[in-house]
Structure formats: C-alpha cells, structure tokens
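Trainee:
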Amino acid sequence: MMTRRDAFGSFALFAELLASAGRAEAQTQTPSSSPQAPRPPVFKHELPNVTMDDWEVTVSYVDYPPGR
0 MMTRRDAFGS FALFAELLAS AGRAEAQTQT PSSSPQAPRP PVFKHELPNV TMDDWEVTVS
60 YVDYPPGR
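In numbering that gives the first Met the number 0, the protein residues as written are 0 to 67.
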C-alpha cells in the first residue's frame with residue numbers, strides 16, 4: 000500500500016523530471032538565423048623537444064551549465 004508520503008514523493012520526483020526535461024529542451028534550442036562561431040582552442044602551448052614515441056595527449060573541453 001502506498002502512503003501519502005510515498006505518493007507525494009513520487010509526485011515531486013515526477014514534477015522534477017518534467018521540469019528538467021523542459022530546461023534541457025530550452026538549452027538545446029538555438030536560433031537558426033545566427034550560426035555559432037567556432038570555439039577557440041582551450042590552450043596553445045609550445046612543447047619541449049623530447050622523443051615522444053608512442054605517447055599521446057588528449058585535451059577535452061566539457062561545457063557544463065552553471066549550477067551543474
């Protein structure tokens with residue numbers, strides 16, 4: 000049997016899911032009239048002259064909205 004507390008908690012969770020889905024859709028919509036400019040590199044730096052056989056470097060830019 001579901002208590003009032005469980006029902007209210009389920010409703011609150013469902014409402015939060017609906018609200019977060021609406022925020023996600025609002026963030027992904029971009030105006031089609033103005034294309035986005037390409038992002039600049041994260042950083043550019045000279046590397047020393049060393050032998051780097053079988054080495055690799057990966058730099059990732061991860062863009063999180065504020066508050067996440």
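Even glycine gets a Cβ: it sits at the ideal position worked out from N, Cα and C.
Give the straight-line distance between the Cα atoms of residue 50 and residue 44, rounded to the nearest whole angstrom.
Mentor: Near 17 Å, if we compare the C-alpha coordinates of residue 44 and residue 50.
Trainee: Quick one: Cα of residue 48 to Cα of residue 65, how far?
Mentor: Each residue's alpha carbon lies about 39 Å from the other.
Trainee: Less than 8 Å between the beta carbons of residue 63 and residue 41, yes or no?
Mentor: No. Outside cutoff.
Trainee: In three-state DSSP terms, what is residue 59?
Mentor: Reduced to three states, the DSSP call for residue 59 is coil.
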